[in-house]
Amino acid sequence: MVSLSEQKQDVIRGIMSRAVESKTLPALFCGITDRNGEIFMHQAGRKIVDDPTSEPLDEDAVFWLCSQTKLITSIAALQLIEQGKIQLSTPVSEILPELANPIIVTARDANGKPSATAPAKNPITFGQLLNHTSGMEYNLDGARYTQATKHAYSKDEDSSTFFRLHQGSFPGELLKFEPGTDFAYGNSTECVGFIVERLSGKSLDQYFKDHIFSPLGITFASFRLTPDLKERLLPLYIRDSEDKLARWISKPPTINQDPETILHFGGEGLYSSLKDYLAVLRHLLQMKEGTATNPILSGPSVAAIFEPTLDIPASETLAKMFGLPVGSAQFSRALMLQTVDLPGRRKKGTGSWAGWACTSYFVDPEEGLAVVFGTQLIPTDGWDRAYQRLWLEVEEAIYAGLQK
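Using UniProt numbering, you'd call the opening residue of the sequence shown number 1 and step up by one each time.
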(Lines of atoms letter the chains of each structure in order from A; the text may use other names.)
(Lines give C-alpha, C1' and ligand atoms only; values in the text may rest on other atoms or scores of the structure.)
Protein backbone atom coordinates (compact mmCIF):
# COMPACT_ATOMS: atom_id res chain seq x y z
CA MET A 1 0.00 0.00 0.00
CA VAL A 2 1.26 3.46 -0.94
CA SER A 3 0.97 6.50 1.32
CA LEU A 4 2.16 10.10 1.30
CA SER A 5 3.97 11.59 4.27
CA GLU A 6 2.09 14.24 6.26
CA GLN A 7 4.96 16.64 5.71
CA LYS A 8 4.74 16.39 1.91
CA GLN A 9 0.96 16.60 2.06
CA ASP A 10 1.41 19.96 3.79
CA VAL A 11 3.98 20.97 1.17
CA ILE A 12 1.51 20.26 -1.65
CA ARG A 13 -1.27 22.14 0.12
CA GLY A 14 1.08 25.09 0.54
CA ILE A 15 2.16 25.05 -3.12
CA MET A 16 -1.46 25.07 -4.25
CA SER A 17 -2.61 27.71 -1.75
CA ARG A 18 0.17 30.12 -2.64
CA ALA A 19 -0.60 29.77 -6.34
CA VAL A 20 -4.27 30.70 -5.95
CA GLU A 21 -3.75 33.35 -3.25
CA SER A 22 -1.22 35.13 -5.45
CA LYS A 23 -3.67 34.82 -8.37
CA THR A 24 -1.02 33.02 -10.36
CA LEU A 25 -3.60 30.35 -11.16
CA PRO A 26 -7.35 29.82 -10.69
CA ALA A 27 -8.66 27.24 -8.23
CA LEU A 28 -6.67 24.00 -8.18
CA PHE A 29 -7.44 20.32 -7.60
CA CYS A 30 -5.04 17.50 -6.76
CA GLY A 31 -5.94 13.85 -6.27
CA ILE A 32 -3.64 10.88 -5.67
CA THR A 33 -4.65 7.24 -5.52
CA ASP A 34 -3.17 3.80 -5.26
CA ARG A 35 -5.01 0.61 -6.19
CA ASN A 36 -6.88 0.58 -2.85
CA GLY A 37 -8.24 4.12 -2.88
CA GLU A 38 -7.49 7.80 -2.53
CA ILE A 39 -4.38 8.61 -0.51
CA PHE A 40 -4.54 12.40 -0.91
CA MET A 41 -7.07 14.90 -2.19
CA HIS A 42 -6.98 18.66 -1.88
CA GLN A 43 -8.66 21.66 -3.44
CA ALA A 44 -7.41 25.24 -3.19
CA GLY A 45 -9.18 28.48 -4.03
CA ARG A 46 -12.68 29.62 -4.82
CA LYS A 47 -14.53 28.71 -7.98
CA ILE A 48 -14.56 32.33 -9.16
CA VAL A 49 -11.36 34.37 -8.89
CA ASP A 50 -11.73 37.74 -7.11
CA ASP A 51 -15.17 36.89 -5.76
CA PRO A 52 -15.09 36.43 -1.96
CA THR A 53 -18.71 35.22 -2.05
CA SER A 54 -17.88 32.39 -4.45
CA GLU A 55 -17.93 28.85 -3.10
CA PRO A 56 -14.62 27.13 -2.36
CA LEU A 57 -13.64 24.53 -4.92
CA ASP A 58 -14.93 21.10 -3.90
CA GLU A 59 -14.26 17.57 -5.10
CA ASP A 60 -17.43 17.44 -7.20
CA ALA A 61 -16.57 20.51 -9.30
CA VAL A 62 -16.82 19.80 -13.03
CA PHE A 63 -13.89 20.50 -15.36
CA TRP A 64 -13.75 20.62 -19.14
CA LEU A 65 -11.30 17.76 -19.69
CA CYS A 66 -10.29 18.63 -23.25
CA SER A 67 -7.72 16.04 -24.39
CA GLN A 68 -8.06 13.98 -21.22
CA THR A 69 -11.16 12.75 -23.03
CA LYS A 70 -8.84 10.78 -25.33
CA LEU A 71 -8.00 8.11 -22.74
CA ILE A 72 -11.68 7.27 -22.23
CA THR A 73 -12.26 7.07 -25.98
CA SER A 74 -9.24 4.80 -26.35
CA ILE A 75 -10.59 2.50 -23.64
CA ALA A 76 -13.86 2.29 -25.56
CA ALA A 77 -11.91 1.47 -28.74
CA LEU A 78 -10.05 -1.36 -27.04
CA GLN A 79 -13.39 -2.73 -25.85
CA LEU A 80 -14.62 -2.80 -29.46
CA ILE A 81 -11.55 -4.83 -30.41
CA GLU A 82 -12.34 -7.27 -27.59
CA GLN A 83 -15.92 -7.51 -28.88
CA GLY A 84 -14.60 -8.52 -32.31
CA LYS A 85 -16.15 -5.51 -34.03
CA ILE A 86 -12.86 -4.11 -35.37
CA GLN A 87 -9.12 -4.83 -35.46
CA LEU A 88 -6.05 -2.62 -35.27
CA SER A 89 -5.37 -3.38 -38.94
CA THR A 90 -8.88 -2.48 -40.12
CA PRO A 91 -8.91 0.33 -42.72
CA VAL A 92 -11.11 2.93 -41.06
CA SER A 93 -12.73 3.88 -44.37
CA GLU A 94 -14.76 0.68 -43.96
CA ILE A 95 -16.60 2.45 -41.11
CA LEU A 96 -15.95 6.10 -41.95
CA PRO A 97 -16.14 6.42 -45.75
CA GLU A 98 -15.22 10.10 -45.32
CA LEU A 99 -11.65 8.87 -44.73
CA ALA A 100 -11.52 6.73 -47.88
CA ASN A 101 -9.33 9.04 -49.96
CA PRO A 102 -6.89 10.90 -47.68
CA ILE A 103 -4.49 13.38 -49.24
CA ILE A 104 -1.06 14.54 -48.09
CA VAL A 105 -0.15 18.22 -47.94
CA THR A 106 2.96 18.71 -50.10
CA ALA A 107 3.19 22.52 -50.23
CA ARG A 108 1.83 25.63 -48.53
CA ASP A 109 1.27 29.21 -49.61
CA ALA A 110 2.72 32.33 -47.98
CA ASN A 111 -0.05 32.23 -45.34
CA GLY A 112 0.71 28.65 -44.41
CA LYS A 113 -2.40 27.22 -46.03
CA PRO A 114 -2.16 24.01 -48.09
CA SER A 115 -1.50 24.85 -51.74
CA ALA A 116 -0.62 21.43 -53.13
CA THR A 117 -1.58 17.88 -52.20
CA ALA A 118 -1.02 14.31 -53.32
CA PRO A 119 -3.12 11.17 -52.74
CA ALA A 120 -1.96 8.99 -49.86
CA LYS A 121 -0.61 5.62 -50.98
CA ASN A 122 -1.94 3.67 -48.01
CA PRO A 123 -5.23 3.64 -46.09
CA ILE A 124 -5.55 4.86 -42.51
CA THR A 125 -5.96 1.99 -40.06
CA PHE A 126 -7.69 1.87 -36.70
CA GLY A 127 -4.40 1.27 -34.91
CA GLN A 128 -2.90 4.38 -36.51
CA LEU A 129 -5.76 6.47 -35.14
CA LEU A 130 -5.08 5.12 -31.65
CA ASN A 131 -1.36 5.94 -31.60
CA HIS A 132 -1.57 9.16 -33.63
CA THR A 133 0.36 7.93 -36.65
CA SER A 134 -2.55 8.50 -39.05
CA GLY A 135 -1.07 11.75 -40.36
CA MET A 136 -3.92 13.90 -39.05
CA GLU A 137 -2.79 17.08 -37.33
CA TYR A 138 -4.79 19.84 -35.66
CA ASN A 139 -5.09 22.97 -37.81
CA LEU A 140 -3.24 21.35 -40.70
CA ASP A 141 -5.97 22.85 -42.84
CA GLY A 142 -6.15 26.28 -41.18
CA ALA A 143 -9.25 27.09 -39.12
CA ARG A 144 -11.58 24.38 -40.42
CA TYR A 145 -11.13 22.08 -37.41
CA THR A 146 -12.20 24.88 -35.07
CA GLN A 147 -15.20 25.68 -37.27
CA ALA A 148 -16.25 22.04 -37.26
CA THR A 149 -16.09 21.76 -33.45
CA LYS A 150 -17.98 24.99 -32.77
CA HIS A 151 -20.79 24.17 -35.18
CA ALA A 152 -24.25 23.75 -33.60
CA TYR A 153 -25.28 20.35 -34.93
CA SER A 154 -28.97 19.66 -35.43
CA LYS A 155 -30.41 16.32 -34.43
CA ASP A 156 -30.28 15.31 -38.10
CA GLU A 157 -26.54 16.01 -38.40
CA ASP A 158 -23.77 13.62 -37.41
CA SER A 159 -20.08 13.10 -37.99
CA SER A 160 -20.64 13.34 -41.76
CA THR A 161 -21.32 17.04 -41.24
CA PHE A 162 -18.12 17.32 -39.21
CA PHE A 163 -16.07 15.90 -42.08
CA ARG A 164 -17.85 18.11 -44.62
CA LEU A 165 -17.02 21.23 -42.59
CA HIS A 166 -13.54 20.02 -41.76
CA GLN A 167 -12.49 18.96 -45.26
CA GLY A 168 -14.04 21.96 -46.98
CA SER A 169 -13.18 22.09 -50.68
CA PHE A 170 -10.48 19.43 -50.40
CA PRO A 171 -11.37 16.04 -51.93
CA GLY A 172 -10.39 14.10 -48.80
CA GLU A 173 -8.94 14.26 -45.30
CA LEU A 174 -5.70 16.23 -45.18
CA LEU A 175 -2.67 14.41 -43.76
CA LYS A 176 0.76 15.65 -42.78
CA PHE A 177 2.49 12.45 -43.93
CA GLU A 178 1.86 8.96 -45.26
CA PRO A 179 -0.20 6.98 -42.71
CA GLY A 180 1.93 5.01 -40.27
CA THR A 181 5.23 6.79 -40.95
CA ASP A 182 5.41 9.42 -38.17
CA PHE A 183 3.63 10.93 -35.15
CA ALA A 184 1.27 13.91 -35.37
CA TYR A 185 -1.24 15.17 -32.84
CA GLY A 186 -4.62 15.83 -34.37
CA ASN A 187 -8.21 14.70 -34.65
CA SER A 188 -7.44 10.98 -34.81
CA THR A 189 -9.28 10.35 -31.54
CA GLU A 190 -12.32 12.29 -32.72
CA CYS A 191 -12.45 9.74 -35.55
CA VAL A 192 -12.08 6.89 -33.06
CA GLY A 193 -15.11 8.26 -31.21
CA PHE A 194 -17.16 8.39 -34.40
CA ILE A 195 -16.19 4.76 -35.08
CA VAL A 196 -17.30 3.74 -31.58
CA GLU A 197 -20.67 5.33 -32.26
CA ARG A 198 -21.16 3.69 -35.66
CA LEU A 199 -20.10 0.21 -34.51
CA SER A 200 -21.96 0.26 -31.19
CA GLY A 201 -25.12 1.97 -32.42
CA LYS A 202 -24.95 4.32 -29.43
CA SER A 203 -23.91 7.90 -28.92
CA LEU A 204 -20.42 8.17 -27.45
CA ASP A 205 -21.95 9.65 -24.31
CA GLN A 206 -24.25 6.67 -23.85
CA TYR A 207 -21.51 4.16 -24.67
CA PHE A 208 -19.21 5.69 -22.05
CA LYS A 209 -21.97 5.58 -19.45
CA ASP A 210 -22.94 1.98 -20.18
CA HIS A 211 -19.47 0.45 -20.55
CA ILE A 212 -17.07 2.65 -18.57
CA PHE A 213 -18.64 5.14 -16.17
CA SER A 214 -21.55 3.18 -14.68
CA PRO A 215 -19.43 0.07 -13.99
CA LEU A 216 -17.01 2.31 -12.08
CA GLY A 217 -19.69 4.23 -10.18
CA ILE A 218 -18.89 7.50 -11.97
CA THR A 219 -21.70 10.05 -11.97
CA PHE A 220 -20.26 13.45 -12.92
CA ALA A 221 -18.95 12.76 -16.44
CA SER A 222 -20.69 13.52 -19.72
CA PHE A 223 -20.40 15.18 -23.11
CA ARG A 224 -23.76 16.81 -22.46
CA LEU A 225 -23.50 19.89 -20.28
CA THR A 226 -26.79 19.27 -18.50
CA PRO A 227 -28.14 21.79 -15.95
CA ASP A 228 -26.71 19.71 -13.09
CA LEU A 229 -23.24 19.58 -14.62
CA LYS A 230 -23.39 23.23 -15.68
CA GLU A 231 -24.15 24.23 -12.10
CA ARG A 232 -20.93 22.51 -10.99
CA LEU A 233 -18.84 23.64 -13.98
CA LEU A 234 -15.80 25.79 -13.25
CA PRO A 235 -15.39 28.96 -15.33
CA LEU A 236 -12.57 29.15 -17.85
CA TYR A 237 -9.85 31.75 -17.41
CA ILE A 238 -7.19 33.22 -19.68
CA ARG A 239 -4.27 35.58 -19.07
CA ASP A 240 -4.83 39.15 -20.24
CA SER A 241 -2.21 41.48 -21.74
CA GLU A 242 -0.90 42.21 -18.23
CA ASP A 243 -0.63 38.49 -17.39
CA LYS A 244 -3.58 38.72 -14.99
CA LEU A 245 -6.33 36.14 -14.82
CA ALA A 246 -9.45 37.13 -16.76
CA ARG A 247 -12.71 35.30 -17.42
CA TRP A 248 -13.01 33.68 -20.84
CA ILE A 249 -16.52 35.11 -21.33
CA SER A 250 -15.42 37.82 -23.77
CA LYS A 251 -13.51 35.36 -25.95
CA PRO A 252 -14.70 33.25 -28.88
CA PRO A 253 -16.42 29.99 -27.89
CA THR A 254 -14.26 26.91 -27.47
CA ILE A 255 -16.67 24.11 -28.36
CA ASN A 256 -20.44 24.12 -28.65
CA GLN A 257 -21.89 23.61 -25.15
CA ASP A 258 -25.59 23.23 -25.93
CA PRO A 259 -26.40 19.67 -24.77
CA GLU A 260 -29.04 19.33 -27.48
CA THR A 261 -26.88 20.38 -30.45
CA ILE A 262 -23.45 18.94 -29.74
CA LEU A 263 -21.50 16.29 -31.54
CA HIS A 264 -19.63 14.05 -29.12
CA PHE A 265 -15.94 14.65 -29.76
CA GLY A 266 -13.87 11.75 -28.47
CA GLY A 267 -10.74 13.88 -28.41
CA GLU A 268 -11.89 16.84 -26.37
CA GLY A 269 -15.56 16.95 -25.43
CA LEU A 270 -15.95 15.45 -21.94
CA TYR A 271 -16.91 17.29 -18.78
CA SER A 272 -16.14 15.55 -15.50
CA SER A 273 -15.07 15.99 -11.93
CA LEU A 274 -11.39 15.20 -11.49
CA LYS A 275 -12.36 12.95 -8.59
CA ASP A 276 -14.31 10.78 -11.03
CA TYR A 277 -11.43 10.85 -13.51
CA LEU A 278 -9.16 9.62 -10.71
CA ALA A 279 -11.49 6.63 -10.32
CA VAL A 280 -10.75 5.65 -13.94
CA LEU A 281 -7.01 5.91 -13.28
CA ARG A 282 -7.35 3.82 -10.12
CA HIS A 283 -9.18 1.14 -12.07
CA LEU A 284 -6.35 1.17 -14.62
CA LEU A 285 -3.89 0.53 -11.78
CA GLN A 286 -6.06 -2.29 -10.46
CA MET A 287 -6.36 -3.90 -13.89
CA LYS A 288 -2.62 -3.57 -14.49
CA GLU A 289 -1.91 -5.28 -11.16
CA GLY A 290 -4.61 -7.92 -11.69
CA THR A 291 -6.63 -6.89 -8.63
CA ALA A 292 -9.64 -5.26 -10.32
CA THR A 293 -13.15 -6.42 -9.50
CA ASN A 294 -15.22 -6.55 -12.70
CA PRO A 295 -12.49 -5.07 -14.93
CA ILE A 296 -13.71 -3.07 -17.92
CA LEU A 297 -10.83 -4.34 -20.09
CA SER A 298 -9.13 -7.69 -20.64
CA GLY A 299 -5.52 -8.31 -19.71
CA PRO A 300 -4.23 -7.93 -23.29
CA SER A 301 -6.08 -4.62 -23.68
CA VAL A 302 -4.63 -3.27 -20.45
CA ALA A 303 -1.19 -4.34 -21.62
CA ALA A 304 -1.77 -2.41 -24.86
CA ILE A 305 -2.29 0.77 -22.83
CA PHE A 306 1.25 0.46 -21.44
CA GLU A 307 3.11 -0.98 -24.46
CA PRO A 308 5.13 1.25 -26.86
CA THR A 309 3.94 1.26 -30.47
CA LEU A 310 6.02 3.90 -32.27
CA ASP A 311 9.05 3.29 -34.46
CA ILE A 312 12.17 5.40 -33.87
CA PRO A 313 11.33 8.36 -36.17
CA ALA A 314 7.83 8.70 -34.72
CA SER A 315 9.08 8.44 -31.13
CA GLU A 316 11.66 11.15 -31.86
CA THR A 317 8.91 13.42 -33.18
CA LEU A 318 6.89 12.84 -30.00
CA ALA A 319 9.87 13.60 -27.76
CA LYS A 320 10.64 16.81 -29.65
CA MET A 321 7.01 17.88 -29.36
CA PHE A 322 7.41 17.97 -25.57
CA GLY A 323 11.03 19.11 -25.46
CA LEU A 324 12.14 15.74 -24.10
CA PRO A 325 15.40 13.90 -24.79
CA VAL A 326 15.26 11.63 -27.83
CA GLY A 327 14.47 8.09 -26.74
CA SER A 328 12.64 9.09 -23.55
CA ALA A 329 9.04 9.04 -24.83
CA GLN A 330 6.74 6.58 -26.57
CA PHE A 331 3.04 6.24 -27.25
CA SER A 332 0.81 3.22 -26.67
CA ARG A 333 -2.73 2.72 -27.94
CA ALA A 334 -3.92 5.25 -25.35
CA LEU A 335 -1.13 7.08 -23.49
CA MET A 336 2.25 8.73 -23.80
CA LEU A 337 4.77 6.47 -22.07
CA GLN A 338 7.90 7.36 -20.14
CA THR A 339 10.70 5.09 -21.36
CA VAL A 340 13.22 6.17 -18.70
CA ASP A 341 12.99 7.11 -15.04
CA LEU A 342 12.75 10.84 -14.37
CA PRO A 343 14.96 11.52 -11.32
CA GLY A 344 12.78 12.34 -8.33
CA ARG A 345 9.65 11.97 -10.43
CA ARG A 346 7.65 9.38 -12.39
CA LYS A 347 9.18 6.03 -13.28
CA LYS A 348 9.80 4.22 -16.54
CA GLY A 349 6.55 2.81 -17.87
CA THR A 350 4.40 5.67 -16.59
CA GLY A 351 1.50 6.60 -18.86
CA SER A 352 0.32 10.19 -19.03
CA TRP A 353 -1.46 12.91 -20.93
CA ALA A 354 -3.10 16.28 -20.30
CA GLY A 355 -5.93 18.62 -21.24
CA TRP A 356 -5.62 21.95 -23.05
CA ALA A 357 -7.34 23.89 -20.24
CA CYS A 358 -4.52 22.98 -17.81
CA THR A 359 -5.37 19.56 -16.45
CA SER A 360 -2.83 16.74 -16.17
CA TYR A 361 -2.58 13.13 -15.05
CA PHE A 362 -0.30 10.11 -14.96
CA VAL A 363 -0.43 6.45 -13.99
CA ASP A 364 2.82 5.02 -12.60
CA PRO A 365 2.47 1.21 -12.40
CA GLU A 366 5.95 0.72 -10.91
CA GLU A 367 5.22 2.91 -7.89
CA GLY A 368 1.56 1.87 -7.84
CA LEU A 369 0.02 5.32 -7.92
CA ALA A 370 -1.97 7.62 -10.17
CA VAL A 371 -2.34 11.40 -9.97
CA VAL A 372 -4.72 13.94 -11.46
CA PHE A 373 -4.12 17.67 -11.14
CA GLY A 374 -5.61 20.74 -12.71
CA THR A 375 -7.36 24.07 -13.00
CA GLN A 376 -9.33 25.75 -15.80
CA LEU A 377 -7.01 28.09 -17.69
CA ILE A 378 -6.73 28.49 -21.46
CA PRO A 379 -3.03 28.80 -22.41
CA THR A 380 -2.12 31.78 -24.56
CA ASP A 381 1.02 30.16 -25.96
CA GLY A 382 0.78 26.39 -26.25
CA TRP A 383 1.45 25.65 -22.58
CA ASP A 384 0.90 27.86 -19.56
CA ARG A 385 4.36 28.11 -18.03
CA ALA A 386 3.18 28.93 -14.50
CA TYR A 387 0.91 25.90 -14.50
CA GLN A 388 3.65 23.63 -15.82
CA ARG A 389 6.08 24.83 -13.14
CA LEU A 390 3.52 24.21 -10.42
CA TRP A 391 2.65 20.76 -11.76
CA LEU A 392 6.36 19.88 -11.69
CA GLU A 393 6.66 21.12 -8.08
CA VAL A 394 3.69 19.02 -7.03
CA GLU A 395 5.01 15.91 -8.75
CA GLU A 396 8.41 16.28 -7.09
CA ALA A 397 6.74 16.70 -3.69
CA ILE A 398 4.65 13.58 -4.27
CA TYR A 399 7.65 11.38 -5.03
CA ALA A 400 9.69 12.86 -2.20
CA GLY A 401 6.93 11.89 0.22
CA LEU A 402 6.00 8.41 -1.01
CA GLN A 403 5.93 5.71 1.67
CA LYS A 404 5.29 1.98 1.30
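Yeah, the Cβ is synthetic: ideal placement off N, Cα and C, and Gly gets one too.
Residue range of the unbroken beta strand (DSSP E) whose run includes residue i
i	result
Cys30	28 to 34
Leu324	Segment: none, Leu324 is in no beta strand (DSSP E) and carries neither H nor E.
Ser115	114 to 119
Ile39	37 to 44
Ile104	103 to 108
Leu245	245 to 247
Arg232	Premise fails: Arg232 lies in the alpha helix (DSSP H), 227 to 232, not in any beta strand (DSSP E).
Val62	62 to 64
Ile238	237 to 239
Gln330	329 to 331
Start and end residues, alpha helix (DSSP H) containing residue i
i	result
Gly127	126 to 130
Phe163	159 to 167
Tyr153	Tyr153 -> no alpha helix (DSSP H), and no H or E assigned at all.
His283	274 to 289
Arg18	6 to 21
Ser301	299 to 305
Asp205	204 to 208
Val2	No alpha helix (DSSP H) contains Val2, which DSSP labels as neither H nor E.
Leu199	188 to 200
Buried versus exposed, by CB contacts within 10 Å (16 or more), residue i
i	result
Pro179	buried
Asp228	exposed
Phe322	exposed
Ala107	exposed
Leu392	exposed
Glu395	buried
Ile312	exposed
Arg164	exposed
Thr291	exposed
Ala110	exposed
Arg333	buried
Asn187	buried
Val340	exposed
Gln87	exposed
Pro56	exposed
Lys230	exposed
Glu197	buried
Asn36	exposed
Nonlocal neighbours in the same chain, by C-beta distance under 7 Å from residue i, ignoring five residues either side
i	result
Phe223	Leu204, Asp205, Ile262, His264, Gly269, Leu270
Met287	Pro295, Leu297, Val302
Ala116	Thr106, Ala107
Phe213	Ala221
Ala357	Trp64, Cys66, Leu236, Gln376, Leu377, Ile378
Gln7	Gly401
Leu245	Lys23, Pro26, Val49, Tyr237, Arg239
Val326	Glu316, Ala319
Ser159	Phe194, Leu263
Which of helix, strand or coil DSSP assigns to residue i
i	result
Val340	coil
Ala221	strand
Val92	helix
Ala77	helix
Leu174	strand
Pro56	strand
Cβ shell of residue i (< 8 Å), same chain only, five flanking positions each side left out
i	result
Thr146	Asn139
Asp58	Gln43
residue 408	Since the first and last residues shown for the chain are 1 and 404, residue 408 lies out of range.
Own chain, CB closer than 6 Å to residue i, minus 5 neighbours either side, in chain order
i	result
Ala19	Leu25, Leu390
Asp34	Val2, Gly368, Leu369
Leu99	Val92, Ser93, Ile124, Glu173
Legend entry - Contiguous beta strand (DSSP E) assignments of at least 3 residues, all confined to the region 335 to 404: 336 to 338, 351 to 355, 359 to 364, 369 to 374
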